[in-house]
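Taken in order, these protein sequences are the chains called A and B. Just so you know, we're using the working numbering here: the first sequence kicks off at 157 and counts up by one. Just so you know, we're using the working numbering here: the second sequence kicks off at 773 and counts up by one. Structure first, commentary second.
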Amino acid sequence: MWQESVDILVYEWLQLPHGEKLSDALNFFIYDTVKILFLLIVIIFIVTLLRSYFSTEKVREYLSKKHEYTGNVLAALFGIITPFCSCSAIPLFLGFLQARIPLGVTFSFLISAPLNNEIAIAMLFGIFGWKVTALYIGFGLLVAIVGGIIIGRLGLEKDILIDVKPIEGEIKAETQVIPFKTRLHDAKEYTLDILRKIWLYVLVGVGVGAFIHGYVPTEFITSIAGANNPFAVPLATLLGVPMYSNAAGVMPLIEVLTSKGMLLGTALSFMMAITALSLPEAMILKRVMSLKLIAIFFGTVTLGIIGVGYLFNAIL
Amino acid sequence: MKIEILGTGCSKCKALEEATKQAVAQSGKFAQIEKVEDIMKIMEYNVMSTPGLVIDGKVLSTGKLLSVAEIVELIKAQ
Numbered sequence: 157m158w159q160e161s162v163d164i165l166v167y168e169w170l171q172l173p174h175g176e177k178l179s180d181a182l183n184f185f186i187y188d189t190v191k192i193l194f195l196l197i198v199i200i201f202i203v204t205l206l207r208s209y210f211s212t213e214k215v216r217e218y219l220s221k222k223h224e225y226t227g228n229v230l231a232a233l234f235g236i237i238t239p240f241c242s243c244s245a246i247p248l249f250l251g252f253l254q255a256r257i258p259l260g261v262t263f264s265f266l267i268s269a270p271l272n273n274e275i276a277i278a279m280l281f282g283i284f285g286w287k288v289t290a291l292y293i294g295f296g297l298l299v300a301i302v303g304g305i306i307i308g309r310l311g312l313e314k315d316i317l318i319d320v321k322p323i324e325g326e327i328k329a330e331t332q333v334i335p336f337k338t339r340l341h342d343a344k345e346y347t348l349d350i351l352r353k354i355w356l357y358v359l360v361g362v363g364v365g366a367f368i369h370g371y372v373p374t375e376f377i378t379s380i381a382g383a384n385n386p387f388a389v390p391l392a393t394l395l396g397v398p399m400y401s402n403a404a405g406v407m408p409l410i411e412v413l414t415s416k417g418m419l420l421g422t423a424l425s426f427m428m429a430i431t432a433l434s435l436p437e438a439m440i441l442k443r444v445m446s447l448k449l450i451a452i453f454f455g456t457v458t459l460g461i462i463g464v465g466y467l468f469n470a471i472l
Numbered sequence: 773m774k775i776e777i778l779g780t781g782c783s784k785c786k787a788l789e790e791a792t793k794q795a796v797a798q799s800g801k802f803a804q805i806e807k808v809e810d811i812m813k814i815m816e817y818n819v820m821s822t823p824g825l826v827i828d829g830k831v832l833s834t835g836k837l838l839s840v841a842e843i844v845e846l847i848k849a850q
């Protein structure tokens, strides 16, 4: 329905000719920006509202009573629904350890939470639909669970630079009673805040995407990111690292690249690398963990993401 | 009254400090505002999502940038 409206606008009102590169690119640009911005608003609002019922304090209380393995799985699952900001990574990391949650379980959460940030989920859902979103979340969980278990097995507790004093006695989260109206209001404010931060990235991303859509030949993309290039997955993963926090701008590009022959596994690796591997977060974490631990953390996640890409390309 | 802003230096934490200053001025009460950036001190309050707002040793808000009006409410409720 929306596509038809844009068709009428571009081809009838603006009287641009069908099949021309410029009019196709313009059509694509209008269609995609409005669709993505609309879905971003709706999804971020809903996710934020749901998340207001899950606090990190409550998750910590719950996880402190679980053992390894079960803890890894639950921590990764909670990473999906708990609000997380990389600026809070340190208090969260230390807070989990204080509650005697094993290092590996803590890492399962630290890997899962940024992977499942609301912007990435909203963009994925808006552009690729629920199937790819589910695959992304599912494989993301796998990386978080396995990565956390591996890190937990390596005995790296001495690489934590701060002496963490465990909390004595039982860990209890204080429950704040927040009226539903306040939650609605907070979710609205948060959504607008995010939108103010990322709308320009979305426009630029879709703009570049529209250009590729109209002008770059499919053969060119296929030769770089298609099945013929065995190194497409690691390449995409490495490219994703410096693009942190620009999921909003990069996802529209990935959409065009996949429609032009980039394999979906390669695209998944690219998306995961963008969200999960963040250099600013690594800089923040340097204050509490050794470089060795950070390197192992990033290395494990990178290998996991590359593995997911290859696995996916091989299955499909 | 002593108000503490817990935060490791993120942009939201600075914004909360600003909002708190305005709120204190509006409320007309006398309050001492302190920014707590030491991670160990933040951990003593058991806070895991910054910024946090603490009034007289009581954690009243975490992980949220409160509006000036909301902080005025909190100050008056004490």
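The C-beta atom is built at its ideal place from N, Cα and C for all residues, glycine as well. Just so you know, these numbers come straight off a predicted model, no measurement behind them.
Look at A/Gln254: its C-beta is under 8 Å from a C-beta on chain B. Between the alpha carbons of A/Phe281 and B/Leu846 lies a distance of about 38 Å. Between A/Trp158 and A/Tyr187 a beta carbon distance of about 7 Å is seen, short of the 8 Å cut, so the two are scored as contacting.
When CB distances to chain B are screened at a threshold of 8 Å, the residues of the segment 201-217 of chain A falling below it are Ser211, Thr212, Glu213 and Arg216, in chain order.
A/Val457 and A/Val299 have their alpha carbons spaced roughly 7 Å apart. Contact annotation for A/Gly251 against chain B: Met815 and Met820 [CB-CB distance below 7 Å, chain order].
In the three-state reduction of the DSSP assignment, A/Leu291 falls in the helix class. Looking at A/His369, A/Val360, A/Met427 and A/Ile202, the one whose alpha-carbon comes closest to that of A/Phe295 is A/Met427. Rounded to whole angstroms, B/Lys793 and A/Phe252 show a C-alpha spacing of 32 Å. With contacts defined as CB atoms closer than 8 Å, A/Ile237 and A/Ala432 fail to qualify as a contacting pair. The beta carbon of B/Thr780 sits closer than 8 Å to some beta carbon of chain A. Approximately 6 Å separates the beta-carbon atoms of A/Ile293 and A/Asn272; this is inside 8 Å, confirming the contact. Using a CB distance cut-off of 8 Å, A/Ser379 does not count as an interface residue toward chain B. A direct Cα-to-Cα measurement between A/Ile410 and A/Tyr466 gives close to 17 Å. Of the candidates B/Thr822, B/Val808 and B/Lys774, B/Thr822 places its Cα closest to the Cα of B/Leu837. Relative to the Cα of A/Phe387, the nearest Cα in the group A/Lys191, A/Asn469 and A/Leu340 belongs to A/Asn469. Chain-order list of chain B residues neighbouring A/Pro239: Ser821 and Gly835, by C-beta distance under 8 Å.
Among the residues of chain A, those whose CB is under 8 Å from the CB of B/Ile811 are Ile246, Pro247, Leu250, Ile318, Arg443 and Val444, following chain order. DSSP, read as helix, strand or coil, puts A/Met427 in helix.
The segment 245-259 of chain A and the segment 810-817 of chain B touch, with three or more beta-carbon pairs separated by less than 8 Å. Within the same chain, and ignoring the five residues on either side of A/Ala383 in sequence, the residues whose Cβ sits closer than 8 Å to its Cβ are Leu419 and Asn469. By the Cβ criterion, the segment 799-809 of chain B is not in contact with the segment 439-448 of chain A, since fewer than three pairs of Cβ atoms, one from each stretch, lie closer than 8 Å. Taking the C-beta atoms as reference points, A/Gly405 is found nearer than 8 Å to A/Gly361. For A/Leu348, there is no enclosing beta strand (DSSP E); the residue is part of the alpha helix (DSSP H) that begins and ends at Phe336 to Tyr371.
Scanning its chain for C-beta atoms nearer than 6 Å, with the 5 sequence neighbours on each side dropped, one finds around A/Ala269 the residues Gly235 and Phe240, in chain order. Nearest Cα to A/Leu178 within the set A/Thr289, A/Glu437 and A/Ile368: A/Ile368. When A/Ile462, A/Glu217 and A/Lys337 are compared, the shortest CA-CA separation from A/Pro390 is found for A/Ile462.
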